[in-house]
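First up is the structure itself, then whatever we jot down about it.
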Amino acid sequence: MGNMRKYIDSKTSYAFRICKSDSLFRKGKKGQIAFETIIIVGFIFLLLIPLLFLLFNRSISIQDELRTIQIERSVSTIVSSVNTVGSLGPNNSMVIEITFPDGIKNVSLGKDDNREINIILSSSIGDIHIVKMTNFNISSSIDPQELLKSGKYKLKISYPDFPNANITIEKV
Numbered sequence: 000m001g002n003m004r005k006y007i008d009s010k011t012s013y014a015f016r017i018c019k020s021d022s023l024f025r026k027g028k029k030g031q032i033a034f035e036t037i038i039i040v041g042f043i044f045l046l047l048i049p050l051l052f053l054l055f056n057r058s059i060s061i062q063d064e065l066r067t068i069q070i071e072r073s074v075s076t077i078v079s080s081v082n083t084v085g086s087l088g089p090n091n092s093m094v095i096e097i098t099f100p101d102g103i104k105n106v107s108l109g110k111d112d113n114r115e116i117n118i119i120l121s122s123s124i125g126d127i128h129i130v131k132m133t134n135f136n137i138s139s140s141i142d143p144q145e146l147l148k149s150g151k152y153k154l155k156i157s158y159p160d161f162p163n164a165n166i167t168i169e170k171v
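Read in order, the letters of the sequence shown correspond to residues 0 to 171 in numbering that gives the first Met the number 0.
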């Protein structure tokens with residue numbers, strides 16, 4: 000039997016003998032390598048959790064900023080159109096298209112003050128009030144609940160021909 004063992008050992012490849020004697024295949028080292036791998040993976044997750052938290056918060060604030068910019072642009076379009084129609088005088092009108100994002104809580108077109116357009120937008124930091132003033136008195140026949148949904152709206156801004164009339168804003 001001893002001669003047979005020597006014969007098998009002499010016929011095995013050099014690479015197999017190296018792998019067989021490598022510390023990776025020793026029973027005491029297998030557990031240590033698994034433990035070290037778990038520690039490294041855990042450390043990576045420990046670093047990723049705060050990074051993911053920061054990225055998530057930043058994405059929410061970017062969404063809020065984009066919605067605010069979109070509302071400000073829409074309100075500015077309404078104000079400039081009202082001022083243009085008012086400057087052109089009675090018997091003039093204009094149709095505009097505006098886009099409202101989601102999260103609008105309230106829309107007031109000349110309700111509180113005849114020259115004020117006020118929109119309240121809900122965000123992650125609280126309510127944002129966007130208020131712009133026009134040069135002319137305005138009134139609106141639009142139900143504020145209709146403008147709370149996100150989407151595109153066509154509005155007709157017109158200046159009637161009778162004296163002391165407000166510029167009217169209505170949905171087309």
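Glycine included, C-beta positions come from ideal geometry on N, C-alpha and C.
If we ignore side chains and look at the alpha-carbon of each, how far apart do Met132 and Asp160 end up?
Taking the straight line joining both Cα atoms gives about 23 Å.
Rounded to a whole number of angstroms, what is the C-alpha to C-alpha distance between Leu45 and Leu51?
If I take the Cα positions, the gap works out to 11 Å.
If you draw a straight line from the C-alpha of Val74 to the C-alpha of Leu53, how long is it?
Spanning the two alpha carbons is a distance of roughly 32 Å.
Is there contact here, the stretch 74-88 with the stretch 126-141, by at least three beta-carbon pairs under 8 Å?
Verdict: yes, contact present.
Please state the DSSP three-state secondary structure of Leu192.
Any property of residue 192 remains undetermined from this structure, which presents the chain solely from 0 to 171.
Check whether the stretch 53-71 touches the stretch 84-95, counting contact only when three or more Cβ pairs, one atom from each stretch, lie closer than 8 Å.
Verdict: no, contact absent.
Under 7 Å Cβ to Cβ from Arg72, same chain only, skipping five residues before and after it: list those, please.
None.
Within the present structure, is the beta-carbon of Phe161 separated from the nearest heavy atom of the ligand MG by less than 6 Å?
The ligand MG is not part of the structure shown, which contains no ligands of any sort.
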